[in-house]
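See structure below.
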Amino acid sequence: MDHAVTFDEIPVASLFLNPQNDRHGELDSQPTIHAWFVQELGDKILALAQDIAANGLNPTERILVKKHSKPNLYVVWEGNRRIAALKFLLEPTLVPDKSFQLRFKSLSENASVELPLSVECAVAKDQDYIDHLISLRHTGENNGVGIVNWGPLANGRFQARRQQPDRNALAIQQLDFLAAADKDRYEKLPKVPITTLQRLLHDEEVRDFLGMTIKDQMLHLLVETTESLKGQWRIVEDLAHKNIKVDDVKTKKKRAHYIRHISRTDRPNAQKATPFPIPLIPQNAPKSGKKPKKKRKAPDPFSSSRPCVVPSTNDWIVHDARTSQVFDELSNLHLERFHNAAGVLLRVFFEMSVDAYIEDVGLTVASKSGPNKSPTLSERFNACADHMADEGKLSQKQSRAIKQKFNASNSPLAIVQMHDFAHSRFTFPGPMDLNQLWNTYDPFFSAIWGVDE
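The numbering of the sequence shown is our numbering, which starts it at 41 and goes up by one.
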């Protein structure tokens, strides 16, 4: 295998998209490849082009090429998506779809950086070596030889470093604390189900048991470190070794049952209290000696200008399989680009949540149209809101306010408006409208997915 590689600045016009690209299989021409990228990767190739127009090509990832049989041409073996996106920006007429062509043209004309006409490439000769490099990039971790993707912990730390909220922030904070407290013990643990740990730490009764509180969105100790560690290790090891699973701690009642049955030797002594709350930070964290940065004000997770409908601090675990998928997709749709899709999904999630609540609590809802008619969504929603108020899951005031907005025909928060998101050609849900809609019904959703019976 010849490992020889040179690095050359090559004009984009001289880069030939690979007809044998493993993404699509063998194609017979460059226009056919252009069409494939638009038809199969549509919004993804557009999103990549948008990032290139805003930030340029990623300088940490070179394009891998091999000389073409024709002079002054090079076949791209790694980086075809990036080069296709760049070609479309530099020459939008290459895009076969007219609507996409206009969008690429707009991105090109409004680019924040100067679009490169040439790209630094790694030029390899040996096909076996090229295939080896491609396998490292695309065929998984390969026992550590390939790319080892981040898990939830690493992702959470990255978001925390950027001062972006993470749904599992409390669990990540605790696991980092335990890793610093006893590295050997921590490294022997199997994988810890981080969302289940987050669920436990979000429960006030569990935190009381551990001698913890939440302050400034961080865990703080209320008892001596050695005392709290006893309970922390017990819970984390139970989760890691599957002594408890998510179903065992799904409801508040089950969580209370679990902590009540933890052995005396693993129980923190509440009598050994600290004089004030102490932040739960790794005990062996290095001291830089630098002046601490001024703390930024935490963003409001319910701001009407947030990028996604579901607030970033939301930590619900939606137990119904299909509804969970809808919720996850809704949580990740960026409103500036996908407000129509978000509007439809919000309407779907709303009705699925209503029906899940009716089934979970065994609620009977009669139709006003007659005994043989199915109740409308409005009838089902109103019955749920009344039941939640009766059970103390919503206050009477909350229930009345939500029902009033839901049933008002002229309200932008009404059921008619949500119907129109899915069925009307003349209703255009805007990002702020969708965020306001979520904020209004968040207490209702919380009573279903975020508050246990």
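Every residue, glycine too, gets a C-beta built ideally from N, C-alpha and C.
Best match in the options for proximity to residue i [C-alpha to C-alpha]
i: E419; options: A441, F468, D395; result: D395
i: V116; options: I174, K138, L142; result: I174
i: L386; options: A89, L373, I398, Y397; result: L373
i: Q79; options: L229, N422, W273, A124; result: A124
i: F249; options: K312, E181, S158; result: K312
i: R377; options: T353, D166, V349, E391; result: V349
i: H108; options: K165, F468, E391, M392; result: K165
i: L104; options: H64, L55, D83, P136; result: L55
i: I302; options: K290, V263, P319, V276; result: V276
i: L259; options: T266, L241, L269, E267; result: L241
i: R177; options: L403, P322, G119; result: G119
Backbone secondary structure at residue i - three-state DSSP
i: K107; result: strand
i: I187; result: coil
i: A219; result: helix
i: A462; result: helix
i: A94; result: helix
i: F316; result: strand
i: F47; result: strand
i: F56; result: strand
i: V350; result: coil
i: V116; result: strand
i: D68; result: coil
i: K84; result: helix
i: I357; result: coil
i: L139; result: The question names Leu, but residue 139 is Ser in the sequence shown. Reduced to three states, the DSSP call for S139 is helix.
i: D42; result: coil
i: Q444; result: helix
i: W478; result: helix
i: A487; result: helix
i: A406; result: coil
Beta-carbon gap between residue i and residue j smaller than 8 angstroms
i: I50; j: C161; result: yes
i: I442; j: F484; result: yes
i: G271; j: L261; result: no
i: P415; j: A406; result: yes
i: H74; j: L155; result: no
i: R239; j: I357; result: yes
i: W273; j: L215; result: no
i: F446; j: F468; result: no
i: F390; j: V366; result: no
i: A209; j: E245; result: no
i: V45; j: V163; result: yes
i: P317; j: K255; result: yes
i: L477; j: H379; result: no
i: A187; j: K106; result: It is Ile, not Ala, that sits at residue 187 in the sequence shown. Their beta carbons are not under 8 angstroms apart, which means I187 does not touch K106 by this criterion.
Legend entry - Meets three-Cβ-pair contact criterion under 8 angstroms: the region 302-320 and the region 281-288: no
Inset, instruction - List in chain order: all unbroken beta strand (DSSP E) runs of 3+ residues lying wholly within the region 227-290. - result: 252-255, 258-263
Inset, instruction - Evaluate contact between the region 90-97 and the region 139-152, counting only Cβ atoms and requiring at least three cross-stretch pairs below 8 angstroms. - result: yes
Inset, instruction - Scan the region 158-182 and note each continuous alpha helix (DSSP H) run of 4 residues or more that stays entirely inside, going in chain order. - result: 167-178
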